[in-house]
Amino acid sequence: MTFDTLGLRPALLARLAEQNLTKPTPIQTQAIPEALAGRDVMGLAQTGTGKTFAFGLPIADALLASQQRCAPKSAQALILAPTRELAAQIHDTLSSVLTGAHLRLTLVVGGNSINVQSRKLEKGTHLLIATPGRLIDLMDRGALKLDQVTHFVLDEADQMLDLGFIHALRRIARDLPSQRQTLLFSATMPKQMNEIASAYLNDPVRIEVAPPGKTADKIEQSVIFVETPKRIETLTGLLDDHRDELALVFCRTKHGAEKLSRKLDQAGFAVGAIHGNKSQGQRNRALDAFRKGEMRVLVATDVAARGIDIPDVRHVYNFDLPNVADNYVHRIGRTARAGRDGRAVSFCGVEEMADLRGIEKLIGQQITTLGGERPAEPARGQRSAGGGRGRPGGGKPGGNAGKPGGARRPRGGRGRRSGGGGGGGRGKAHASA
1 MTFDTLGLRP
11 ALLARLAEQN
21 LTKPTPIQTQ
31 AIPEALAGRD
41 VMGLAQTGTG
51 KTFAFGLPIA
61 DALLASQQRC
71 APKSAQALIL
81 APTRELAAQI
91 HDTLSSVLTG
101 AHLRLTLVVG
111 GNSINVQSRK
121 LEKGTHLLIA
131 TPGRLIDLMD
141 RGALKLDQVT
151 HFVLDEADQM
161 LDLGFIHALR
171 RIARDLPSQR
181 QTLLFSATMP
191 KQMNEIASAY
201 LNDPVRIEVA
211 PPGKTADKIE
221 QSVIFVETPK
231 RIETLTGLLD
241 DHRDELALVF
251 CRTKHGAEKL
261 SRKLDQAGFA
271 VGAIHGNKSQ
281 GQRNRALDAF
291 RKGEMRVLVA
301 TDVAARGIDI
311 PDVRHVYNFD
321 LPNVADNYVH
331 RIGRTARAGR
341 DGRAVSFCGV
351 EEMADLRGIE
361 KLIGQQITTL
371 GGERPAEPAR
381 GQRSAGGGRG
391 RPGGGKPGGN
401 AGKPGGARRP
411 RGGRGRRSGG
421 GGGGGRGKAH
431 ASA
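Following the working numbering, the numbering of the sequence shown begins with 1 at its first residue and continues without gaps.
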C-alpha cells in the first residue's frame, strides 16, 4: 500500500514524494482514512511507528480543503504534546510537508518568551502545537481562545497522565467546542485513559497496531544485575564497545543525569545532558549536536527525552530503571525507529527488582540477563531485600536508597504546575513544559 491509496490531497502526496515517503506505516494506513472520514480516533501504537503523520496528514488535508481564514487569537487545529521536545519534533515534522501550503503553523512551549508567542497568535493560526502548561498560560492572559478549534489531537496521552496533566486536560476540554474531531494517540493504556477518552472522544474508532505495552520487535532487550556504585564502570565498558554509534542513557533524576554526564565526560566520551534544570536553549543545542553525531552519548531524564526522534540511535541504556513501567516502553522506543534495529540494556539492583517485575509483566516477557545474577524471587508474602523501592529493611516507600546522588523525588501535589521538567514526581504537571 502507498500514500496514494489513502485519499490524501495531491499537494500533500507531492510533498511526501519529494522526501521519498511513499509507503505508510501500519498506524498511518489504518488511522488516516478514518480521520479523513471525520471519525474520532483512538490510536494505540509503539513509539517510533509514525504517529505524527497518522494524525498530522489528515488534519493538514482538512485545513487545506477548508481554506478558512484564521480568526484573531484563535487556532483551527490544536495538537497537544506533553513535553517541549515532542512538541518541537511534531512542529518540525509537519513543517517539512506543509512548506508552501499557505498554512500557518505555530509552536508554543515553555522556556521561550510568552510575549513573543502572544504576538504570534494575534492574527490567529491554522495549526497550533502546544504543551498544556503554556497553552493555559496563554489562555489565562487572553492571548488565545479555543472556540474555533475544529480538530484536536492528544499525542502521547499516557505521558500526559503520568506527568500529572489530568487537571490541565480537564480545563482545556471545557474551552473546546463540542463539535470537533478528536484524535488521541498513545503507546500504553493506563487506567485513567478511559476518563480521557470519554471526556474528549465521541464514538471513536479504536486502532490498535500493537497491544498496549508491547515493545518494538527489532529491539534486543537485556538486563545487567549490578548495584549503583559499579554502574558507571559497567556503562563505560559498554559504551567503549561502540564509540562510533549513538547511545541514549536514561536516569531517574535531574541530579543523577547531570552527575553521570560529568563522569562520562571525564572518561573521554563526547557527551551531553538534557533535563529540567537545563534551559530550553541548552536542551535544543544538546539535541542538535546529538542528532548530527557531534556528541555520541546523551544522558536524559524521561520528561526531557520524550520528543527525541533520532533514527540513528542504536543503543538505549537504563542507568536507573524507571519506577513507572510504561516509561520503559517509551525509553527503549527511542531506538529501532523507522524499521532499524536497536539494543536496550537496563541496569538493575536488588532494590529495583519490584520495578523490573512490573516492567516484565507489562511487556509480557522476561528480559534476558546479560550480566550479573538475577536475585532469587522472594517467598510468597515476603518482601525482597530492601522492601521494593523503599529503605533497606522494608522501610517506607519513596526513600533515597538506590537512586543516583541519593536524590529524593519531589512530592509535588497532583495537578500543581511548576517550572522545569524531568525528575519530578508523578502528579506534578510542569508549566514550563
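All C-beta atoms in this analysis are idealised placements derived from N, C-alpha and C, irrespective of residue type, glycine included. Model, not experiment: these values are computed from the prediction.
- Item | Range of the contiguous alpha helix (DSSP H) that encloses I27 | 26 to 36
- Query: Using DSSP with H/G/I as helix, E/B as strand and the rest coil, what is I129?
  - Reply: strand
- Would you call D341 buried or exposed, if buried means 16 or more other Cβ atoms sit within 10 Å of its Cβ? exposed
- State yes or no: is the C-beta of R174 within less than 9 angstroms of the C-beta of M42? no
- With a cut-off of 8 angstroms, do at least 3 Cβ pairs link the region 186 to 204 to the region 8 to 15? no
- Item | E30 to D155 span [Cα, whole Å] | One point to set straight first is that residue 30 is Gln, not Glu, in the sequence displayed. Distance between the alpha carbons of Q30 and D155 is about 17 angstroms.
- Query: Where do the ends of the beta strand (DSSP E) carrying S113 lie?
  - Reply: That residue, S113, is in no beta strand (DSSP E); it is neither H nor E in DSSP.
- Message: Going by DSSP, what residue range makes up the beta strand (DSSP E) through V313?
- Response: 313 to 318
- Tell me the DSSP bridge mates of G371? I224
- Between R39 and L94, what straight-line distance do the alpha-carbon atoms span, to the nearest angstrom? 21 angstroms
- Message: For L78 and I274, I'd like the C-alpha separation in whole angstroms.
- Response: 27 angstroms
- Which ranges would you report for the alpha helix (DSSP H) in the region 38 to 101 if only whole runs of at least 4 residues count? 51 to 66, 84 to 98
- Query: To the nearest whole angstrom, what separates the beta carbons of Q19 and G50, a pair I think is in contact under 8 angstroms?
  - Reply: Going by Cβ atoms, the distance from Q19 to G50 rounds to 13 angstroms, so no, they are not a contact pair.
- Query: Taking three-plus beta-carbon pairs below 8 angstroms as touching, is the region 278 to 293 in contact with the region 315 to 325?
  - Reply: no
- Query: Which residue or residues does DSSP assign as beta-bridge partners of V299?
  - Reply: V249, A273
- Tell me whether M1 is buried or exposed, calling it buried when 16 or more other Cβ atoms sit within 10 Å of its Cβ. exposed
- Item | Outcome for P24 when other beta-carbon atoms lying within 10 angstroms are tallied against a minimum of 16 | buried
- Would you please state the rounded distance, in angstroms, between the beta carbons of P132 and L169? I believe it to be under 8 angstroms. 7 angstroms
- Query: Between the region 221 to 238 and the region 50 to 70, do three or more beta carbon pairs fall short of 8 angstroms?
  - Reply: no
- Nearest neighbour of K292, chosen from D309, G276, I363 [CA to CA]: D309
- State the DSSP-derived secondary structure class of I219, mapped to helix, strand or coil. strand
- Hey, would you say R141 sits closer than 9 angstroms to V108, going by beta carbons? no
- Item | Distance between L183 and E373 (C-alpha atoms, nearest Å) | 45 angstroms
- May I ask whether a heavy atom of the ligand NAP can be found less than 8 angstroms away from the beta carbon of L238? With respect to the ligand NAP, the structure shown offers nothing to examine, as it has no ligands at all.
- Message: Please report the straight-line C-alpha distance between L6 and V226, rounded to a whole angstrom.
- Response: 49 angstroms
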